[in-house]
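Numbering (the UniProt record's numbering), first residue to last: 1 to 217. Here a beta-carbon is modelled for each residue, glycine too, at the ideal position from N, C-alpha and C. Working notes, beginning with the structure itself.
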């Protein structure tokens with residue numbers, strides 16, 4: 001009898017614990033959704049930053065500072081590449097979640113989720129685009145400025161190959177060509193025909209006398 005009562009006492013406790021517990025799969029799915037939302041917000045910000053970087057690079061190049069223009073394009077390319085990697089990792093995790101059939105997949109999901117979150121956190125720890133642009137605007141021109149910019153960019157982007165520089169320069173030239181084309185389209189159309197000469201107004205003596213007669217004395 002003691003064993004019967006013992007099993008009855010312990011059985012409800014197991015059910016309560018099982019019903020209220022959170023499995024590693026539940027945590028992984030929740031973390032995944034949070035990371036997905038963060039990534040979407042970051043992606044929207046990246047789109048704005050990309051447009052800002054392109055515009056700023058065009059301005060620097062127009063002012064004769066090609067070095068800073070290429071640096072901004074290089075930073076933009078780096079951030080775009082990193083975001084694409086994170087998106088691919090999160091997409092893989094989403095596919096894993098959709099195919100969950102048993103708790104045997106828990107460890108794989110948690111591991112994949114950790115990789116995606118670490119990559120996303122690394123993106124947010126990097127210097128923001130606004131910080132880089134503000135630094136470029138405020139720091140005085142000269143060797144000190146160039147060294148500081150190169151140091152920051154080298155820490156975040158790494159060593160740049162000659163092929164990458166060629167790609168960035170081609171992108172910069174395309175930006176300038178696009179801007180010049182837009183300016184040309186907004187210019188007013190200049191007529192290609194000569195304007196007729198304005199006829200000089202001749203006032204005759206008869207007209208003067210006629211006007212004097214009309215004026216009351």
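Just the Cα atoms here: how many angstroms apart are residue 70 and residue 91?
32 Å
Taking just the CA atoms, how far does residue 167 sit from residue 86?
23 Å
Mind the definition here: the segment 38 to 58 touches the segment 168 to 178 only if three or more C-beta pairs lie below 8 Å; say whether that holds.
yes
Reduced DSSP category for residue 22 - H, G, I as helix; E, B as strand; rest coil
coil
Length of the line joining the Cα atoms of residue 30 and residue 45:
23 Å
Using alpha carbons as the reference points, say which of 165, 26, 36, 79 lies closest to residue 47.
79
Check whether residue 53 and residue 76 have beta carbons under 8 Å apart
yes
To the nearest whole angstrom, what separates the beta carbons of residue 179 and residue 73, a pair I think is in contact under 8 Å?
About 14 Å separates the two Cβ atoms, so there is no contact after all.
Looking at C-alpha atoms only, which residue of 43, 183, 21, 32 is the closest neighbour of residue 81?
43
C-alpha gap between residue 183 and residue 49, whole angstroms:
23 Å
Measure from the alpha carbon of residue 84 to the alpha carbon of each residue in 36, 68, 67, then state which is nearest.
36
Cα-Cα separation, residue 34 to residue 165
37 Å
Take residue 23 and list the residues in its own chain whose beta-carbon comes closer than 6 Å to its own, dropping the five residues that flank it on each side.
none
Counting C-beta neighbours from all protein chains within 10 Å, is the total for residue 89 16 or more, i.e. buried, or is it exposed?
buried
Comparing C-alpha positions only, which one of 32, 26, 62 sits nearest to residue 115?
32
Residue environment, residue 112, which counts as buried when at least 16 other CB atoms sit within 10 Å:
buried
Run through DSSP, which three-state label would residue 63 get?
coil
Give me the Cα-Cα distance between residue 65 and residue 181, rounded to the nearest whole angstrom.
21 Å
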